[in-house]
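Chains R, B and W, in that order, are what the protein sequence lines are.
So in my numbering, the last one in the first sequence is 469, and the numbering has no gaps at all.
So in my numbering, the last one in the second sequence is 126, and the numbering has no gaps at all.
So in my numbering, the last one in the third sequence is 1811, and the numbering has no gaps at all.
Using N, Cα and C, we set each Cβ at its ideal position, and we do this for glycine too.
Down below is the structure, laid out as structure tokens.
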Amino acid sequence: MTYIPISPKERDAMLATVGVKSLDDLFEAVPQKHRFPKLNLPPALSEMEAASLLGEMASSNENVREHVISFLGAGAYNHYIPSVVDHILRRGEFYTAYTPYQPEISQGTLQGIFEYQSLMTNLTGMDVSNASHYDGATAAAEAVNLAYAQFRGKRKKVVVSPGLHPQYREVIRTYTQGMGVELTDKTEADLEVGPEALISQIDDNTMLVVVQYPDFFGRIYDYTKLIEAAHAKGSLVCIVANPTALVMLKTPGEMGADIVVGEAQPFGIPLWYGGPYLGFFTTKKSYVHKMAGRLVGETMDNRGQRSYVLTLTAREQHIKRERATSNICSNQGLLALGAAVYMSVLGKGGLQEVANLCYQKAHYAAEQISKIDGFGLCFAEPFFHEFALCCPKPIAEINEHLLEHGIIGGYDLGNDYPALKDHMLIAVTEMNSREEIDTFVEVLKEVAND
Amino acid sequence: MNAPSNLKYTKSDEWFDPASGAMGLTDYAQSQLSDIVFIEFLVEEGETVEAGKAIASVESVKASAEIYAPAAGKVTAVNKALSDKPETLNSDAFGEGWMVKVEGGVAGDVMDADAYVKYCEERAH
Amino acid sequence: MTSPAAPVVTTAKIVEPTIFEISSPGRRGVNMPASDVPETALPPKDLLRSDLPLPELAEVDVVRHYMRLSKFNYSVDDGFYPLGSCTMKYNPKINEDTCRLPGFLYTHPLQPIETVQGNLALMYETQEWLKEISGFAGITLQPAAGAHGEFTGVLMMAAYHKSRGDTKRTKMLIPDAAHGTNPASTGMLGMSVVTIPSDARGNVDLKALEAACDDTVVGMMLTNPNTLGMFDEHIEQVIKLVHDCGGLMYGDGANLNALLGILRPGDLGFDVMHFNLHKTFSVPHGGGGPGSGPVGVAARLADFLPAPVVGIVEEAEDDLPPLYGFITPKQSIGRMKAFHGHFGGGLVRSYTYIAMHGPNGLKDISQYAVLNANYLQARLRDTYHVPYDRICMHEFVAEGQFAGSDVRALDIAKRLMDYNFHPPTNYFPLIVHEALMIEPTETENKDTLDAFADALIKIADEAKTSPDLLHSAPHITPFGRMDEVKAARELVLCCWLPEDYNENE
């Protein structure tokens, strides 16, 4: 009865008020044959024992702050999180509140989300942001839902760049399996060619083009021409963007993108073995009615005070039911707040420092590694903090060797791209010191000479 | 209750004017929906609609509804002005709030104003 | 940069300025260290952004801003939160510590499995525990929330029929009391929804169900106990009817807090069910998320689970523990999201919670959740009409209206705020007029429940004597009722730095 605050005497009084003799009597509607199953679970632990057990489980992992040096990215990035972020998120007023359906007593959450929306629209150069989606991959799938709803199912094709994260492509495939949608998603495509190669796939039946920025291999492209070509065919374009890169790079809004989504985990959310993360979703104002997810808007209360409410809720599942764009009900509320605190406490200057450190260190690492015999950059395009590396040996072998030296190497691109066997994807952030990069380079040299 | 006698009505609360070919949602429907903030047209000029086919979708602050064609015919006009001022549907459902006009309109399953008023009153109980 | 649209002229009083409004050019918060590597030139200028219009603040500005905002919120840590269907139970503080252990916080989702055996063991045991609690044969931890779990479940149901060449099934049966996510999940797959009415006792109307059951039925999505808080008295017949026509039975696990150690839905014959770890297993709601929505399935659906699931890839040997890793089910519907589910914020907290309860503690949860709901129902039924009045499960629905009064459920909800209570869910389920849906949870004591019942009874009296007090409520909260029409018509969804921002430099 760990968290149940009712004494036996109170319980008996309450049972008497209800008019039953025992707690078990409350369950007579439950089929007797299956009532009160004996659950084969370990016996209850005290808080002290639970803390110890969880402590052991956690410390049996090798984490990237205490045990290993990591150069893994591929959709989740190891960034420094200022102390303030978690101090705010640990306020019970924020984390134990529900969805702000009662705005009079939820202005903290509502203004927090409104500010998050504002920060994301300013970052991406778009008009509106929703209150967030589950993660970057599902946000990309929701972009397909938006386009499908926008064309009311009359256009059936989605052109997906092979440079979009493989897991994002998988999620889009899962989400669309009941829509009768054609996905042009060719991993065996020529990966050397730029985004203009997608233009030939865009036709009058295309509802959406999805590209990543920087792409999965770290390459920075200006998508302006692609977007112009897509618009000429009436198609929408979604850019899946890395938020840290957006601090430095030309905005997707400036390129003319219709939808900009992505994974905002780099903005103050721990790696946490993959989740929960934060999918951001921004678009043009003209698509706001087709956008899924919660949305906070400014208004006034009956005392003349500026305030905020969930708005355009009739778009959502609880009202529109089977006609809604998506079934999404929750958002990543607390983590959206965390991202807003992260952006606020670093501010314009701090964010620029983070982006610049990522860029500088990644380029230093790339330069040092390319000097090693047998290693080289796969692509010549500019990159931000992630790059694809051609290696002289199978990646599994290299990574095993690295791990013996306490280093987690890059992501094995051969897993998803047959043409990129013996290629790894390296991410470098502000968390990687020059010393760590130099150690990495030394061990790779050993591998090369092995 | 406001229900002009020259119009025909459906059970799903649309009206049809056999004289002009105009159609829209009824005053009763707008009052049930309350403040309408969005309309999306699901048909275009030149298209042929069948009775019972969705011609528009509206959203209010608290509800959403599809508007079904009360009559079949060829669409000759779509009241695009409503997109910028959807509140017109609340203020003038039978006038400026017309949604679509058809030519050669053939009414579907409709009733006259008296029957519709009775039908609305029944539902209020 | 895109130039902001003309700001809406408003004379509203600003209670707390936005983070953009308190920004000052050149002010700094957290600094980053200087670069320790030789400098590389930036990419060509045409690839760079020209401007970064984000706030500039000191750390203390940020802390005070968010502290002030936090005080505008009502939360479970503040008081009673009887939101029906939401299970706003107390969130144990130990969970906040365990989920932030460095070993969990700082592991990358793509690390080699040998380096994250603690995480994988936790996931594996969570799968096993959820199976034991629910009676299902397989579990996916991947779905991010309840609705996401529903979508996963419906995809598996469709895949199951398709794998058998049974392609004419396109209808989903959904009771009229269902959550909106049920039809919305169905809609995402292009299936049609057939609404099944409830009978006078709040059960599924068996005649209507029987009439709808044929060989075009994908299955039925049923919340049991349903959103009226009623356990369906014919549940076995309902399941049999659906199974007999070849349909699958989906259980909406939103109301599982009534069933821990009471009944395993898998034993009854449910084929699929999602869990809401943020309801039943104490993951905090976070002002709207993140949630966590694992899905359990019967054996015949296990091959369709999203990829991957956690399994033992090398058996334990002598003193060595087993090696945990990822396994792709044979006919998997695919991936529902990137990586492995809401591990840190969802699974670690729930694991801690289940470990601390054990089998008896879990049963206590449901027994006391049901006791508390019945106690409130007993105290309120003379004052508020309870349309389906029998022993309820963990929640019940009363009508927030009185004969001859123009007071509505909304007014009662708002007035409750003046008594320092969060209102119940109102206007849901749709089948009750002016619904007030009340779910107290097991973590409230008798004093709180009595105070809440007293407040509601007093409000009923106020509705007669001074209805305007209710119409204009709340009065003592920091904000009053909002103009929702203005919000929807003007659509101010974003703010910017002030137009003359840089001139202040």
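ask   = With 16 other CB atoms within 10 Å as the buried threshold, where does W:D1445 fall?
value = Sequence index remark: in the third sequence, residue 1445 of chain W carries index 139 (1-based). In the sequence on display, residue 1445 of chain W carries Ile and not Asp. Label assigned to W:I1445: buried.
request  = Give the DSSP bridge partners of R:W291, in chain order.
outcome  = Locating residue 291 of chain R in the first sequence gives position 272, counting from the first residue. Listed as beta-bridge partners of R:W291 by DSSP are no residues whatsoever.
Between the C-alpha atoms of R:K367 and W:P1359, what's the straight-line distance to the nearest angstrom? If you number the first sequence from 1, residue 367 of chain R lands on position 348. If you number the third sequence from 1, residue 1359 of chain W lands on position 53. When rounded, the distance between both Cα atoms is 7 angstroms.
Query raised in the report: So R:Y361 and R:Q169 are in contact, right, with Cβ under 8 angstroms, and what is the actual spacing, rounded?
Result: Counting from one through the first sequence, the residue named residue 361 of chain R turns up at place 342. Counting from one through the first sequence, the residue named residue 169 of chain R turns up at place 150. Not a contact, Cβ separation roughly 32 angstroms.
Given a threshold of 16 other Cβ atoms within 10 Å of its Cβ, counted over all protein chains shown, does R:I456 qualify as buried or as exposed?
-> For the purposes of this step, residue 456 of chain R is taken as the residue at position 437 of the first sequence. R:I456 should be labelled buried.
Review point. Can a CB atom of chain R be found closer than 8 angstroms to the CB of B:S32?
Key: Locating residue 32 of chain B in the second sequence gives position 31, counting from the first residue. Not one chain R Cβ lies under 8 angstroms of B:S32.
Problem set entry | When W:R1787, W:E1431, W:V1343 are compared against R:V328, the one with the closest alpha-carbon | Counting from 1 along the first sequence, the entry for residue 328 of chain R is found at position 309. Per the Cα distances, W:R1787.
In the structure shown, what three-state DSSP assignment does B:E45 receive?
The residue given as residue 45 of chain B occupies position 44 in the second sequence. In the structure shown, B:E45 sits in coil (DSSP, three-state: anything other than H, G, I, E or B).
_Does chain R have any CB closer than 8 angstroms to the CB of W:D1622?_
Reading the third sequence from its first residue, position 316 is the one you call residue 1622 of chain W. The sequence shown places Ala at residue 1622 of chain W, rather than the Asp named in the question. Chain R, which has no Cβ nearer than 8 angstroms to the Cβ of W:A1622, makes this no.
- For W:A1312, which residues from the same chain have a beta carbon less than 8 angstroms from its beta carbon, with the 5 sequence-adjacent residues on both sides left out? Position 6 of the third sequence, counted from the first residue, corresponds to residue 1312 of chain W. Residue placement at W:A1312 cannot be trusted, given a pLDDT of 49 that sits under 50; what the coordinates show is reported in the next sentence. If we look at W:A1312 and ignore the five residues flanking it on each side, it has no Cβ neighbours.
ask   = Roughly how many angstroms separate the alpha carbons of W:V1548 and W:E1516, rounded to a whole number?
value = Taking the first residue of the third sequence as 1, we reach residue 1548 of chain W at position 242. Taking the first residue of the third sequence as 1, we reach residue 1516 of chain W at position 210. Their backbone Cα atoms lie some 8 angstroms apart in a straight line.
Specify, as a first and last residue, the run of the alpha helix (DSSP H) that R:I107 falls within.
-> For the purposes of this step, residue 107 of chain R is taken as the residue at position 88 of the first sequence. Taken as a continuous stretch (DSSP letters only), the alpha helix (DSSP H) holding R:I107 covers 102-108.
- How about R:I445 and R:G429: do their beta carbons lie closer than 8 angstroms? Translated into the one-based positions of the first sequence, residue 445 of chain R becomes position 426. Translated into the one-based positions of the first sequence, residue 429 of chain R becomes position 410. Using a Cβ distance threshold of 8 angstroms, R:I445 and R:G429 count as a contacting pair.
Is the CB-CB distance between B:P57 and B:L34 below 8 angstroms? Start at 1 with the first residue of the second sequence, and residue 57 of chain B comes out as number 56. Start at 1 with the first residue of the second sequence, and residue 34 of chain B comes out as number 33. What sits at residue 57 of chain B in the sequence shown is Ala, not Pro. Contact flag unset, no.
Discussion item. Short of 8 angstroms Cβ to Cβ, which residues in the segment 1788-1806 of chain W face chain B?
Written reply: When C-beta distances to chain B are compared with 8 angstroms, the residues of the segment 1788-1806 of chain W below that value are E1790, V1791, A1794, R1795, in chain order.
Exercise. Kindly indicate which three-state DSSP category B:S6 falls into: helix, strand or coil?
Key: Counting from 1 along the second sequence, the entry for residue 6 of chain B is found at position 5. It is coil, neither helix nor strand.
### Message
Can you tell me whether R:E317 is buried or exposed? The criterion is at least 16 other CB atoms within 10 Å of its CB, across all chains shown.
### Response
As a position in the first sequence, residue 317 of chain R is number 298, starting the count at 1. Classification for R:E317: buried.
Please give me, in chain order, every unbroken run of the alpha helix (DSSP H) with length at least 4 that falls completely inside the segment 1508-1545 of chain W.
1512-1518
Residues that W:N1379 bridges to, as DSSP identifies them: One-based indexing of the third sequence puts residue 1379 of chain W at position 73. Beta-bridge analysis with DSSP links W:N1379 to R:S125.
TODO: Determine the closest residue to R:E341 out of W:T1487, W:A1506, W:R1795, W:R1470, with distance taken between C-alpha atoms.
DONE: In the first sequence, residue 341 of chain R corresponds to position 322, counting from 1. Taking only the C-alpha atoms, the option nearest R:E341 is W:T1487.
Margin query: How far does the beta strand (DSSP E) with W:D1558 in it extend, from its first residue to its last?
Written below: Residue mapping note: residue 1558 of chain W aligns to position 252 of the third sequence, counting from 1. Run containing W:D1558: 1554-1559, per the beta strand (DSSP E) assignment.
At the 8 angstroms Cβ level, is R:G275 part of the contact set with chain W, yes or no?
For the purposes of this step, residue 275 of chain R is identified with residue 256 of the first sequence, where counting begins at 1. Using beta-carbon distances, R:G275 does not count as an interface residue toward chain W, since no partner is under 8 angstroms.
Quick one: using the 10 Å Cβ neighbour count with 16 as the cut-off for buried, is R:D320 buried or exposed? Within the first sequence, numbered from 1, the residue matching residue 320 of chain R stands at position 301. By the neighbour-count rule (16 or more Cβ atoms within 10 Å), R:D320 is buried.
- Query: Looking at the C-beta of B:S84, does it have a partner C-beta in chain R at a distance below 8 angstroms?
  - Reply: Along the second sequence, read from residue 1 onward, the residue named residue 84 of chain B stands at position 83. False, the Cβ-Cβ gap to chain R never drops below 8 angstroms.
Span of the beta strand (DSSP E), counted from its first residue to its last, around B:G53:
What you label residue 53 of chain B is simply residue 52 of the second sequence in a count that begins at 1. Per DSSP, B:G53 belongs to no beta strand (DSSP E) and is neither H nor E.
Who are the neighbours of B:V38 on chain W, taking C-beta pairs under 7 angstroms? As a working mapping, residue 38 of chain B is identified with position 37 in the second sequence. Those within 7 angstroms of B:V38 in chain W are A1794, R1795.
So what's B:T77 in DSSP terms, helix, strand or just coil?
In the second sequence, residue 77 of chain B corresponds to position 76, counting from 1. It is a strand residue.
Subject >> R:V83 Cβ short of 7 angstroms to the ligand NAD heavy atom set >> reply: In terms of ligand content, the structure shown is empty, and the ligand NAD therefore cannot be addressed.
ask   = Between the C-alpha atoms of R:E75 and R:L34, what's the straight-line distance to the nearest angstrom?
value = Taking the first sequence and counting its residues from 1, the one referred to as residue 75 of chain R is at position 56. Taking the first sequence and counting its residues from 1, the one referred to as residue 34 of chain R is at position 15. Those two C-alpha atoms are separated by around 42 angstroms.
W:Q1683 versus W:K1752 - alpha carbon distance: Within the third sequence, numbered from 1, the residue matching residue 1683 of chain W stands at position 377. Within the third sequence, numbered from 1, the residue matching residue 1752 of chain W stands at position 446. When rounded, the distance between both Cα atoms is 13 angstroms.
Reduced DSSP category for W:P1590 - H, G, I as helix; E, B as strand; rest coil:
What you label residue 1590 of chain W is simply residue 284 of the third sequence in a count that begins at 1. If DSSP states are grouped into helix, strand and coil, W:P1590 belongs with coil.
> Does the distance from the CB of R:Y232 to the CB of R:P185 come in under 8 angstroms?
Replying inline: Taking the first residue of the first sequence as 1, we reach residue 232 of chain R at position 213. Taking the first residue of the first sequence as 1, we reach residue 185 of chain R at position 166. Contact flag unset, no.
*Just curious, the alpha helix (DSSP H) that W:S1498 is in, first and last residue?*
Taking the third sequence and counting its residues from 1, one reaches residue 1498 of chain W at position 192. Note, W:S1498: premise wrong, no alpha helix (DSSP H); beta strand (DSSP E) at 1498-1502.
Within 8 angstroms of any Cβ in chain B, is that where the Cβ of W:M1307 sits? Walking along the third sequence from the start, residue 1307 of chain W turns up at place 1. Annotation note: pLDDT 41 at W:M1307 (below 50); position unreliable, coordinate value reported separately. It does not; no Cβ of chain B falls within 8 angstroms.
In terms of alpha-carbon separation, which member of R:A159, R:N80, R:S26, R:A150 lies closest to R:E335?
Within the first sequence, the letter at position 316 stands for residue 335 of chain R. Here the closest residue by C-alpha is R:A150.
(Q) Applying the 10 Å Cβ sphere with the 16-neighbour rule, what's the burial state of W:L1626? (A) For the purposes of this step, residue 1626 of chain W is taken as the residue at position 320 of the third sequence. Counting Cβ neighbours within 10 Å, W:L1626 comes out exposed, since fewer than 16 surround it.
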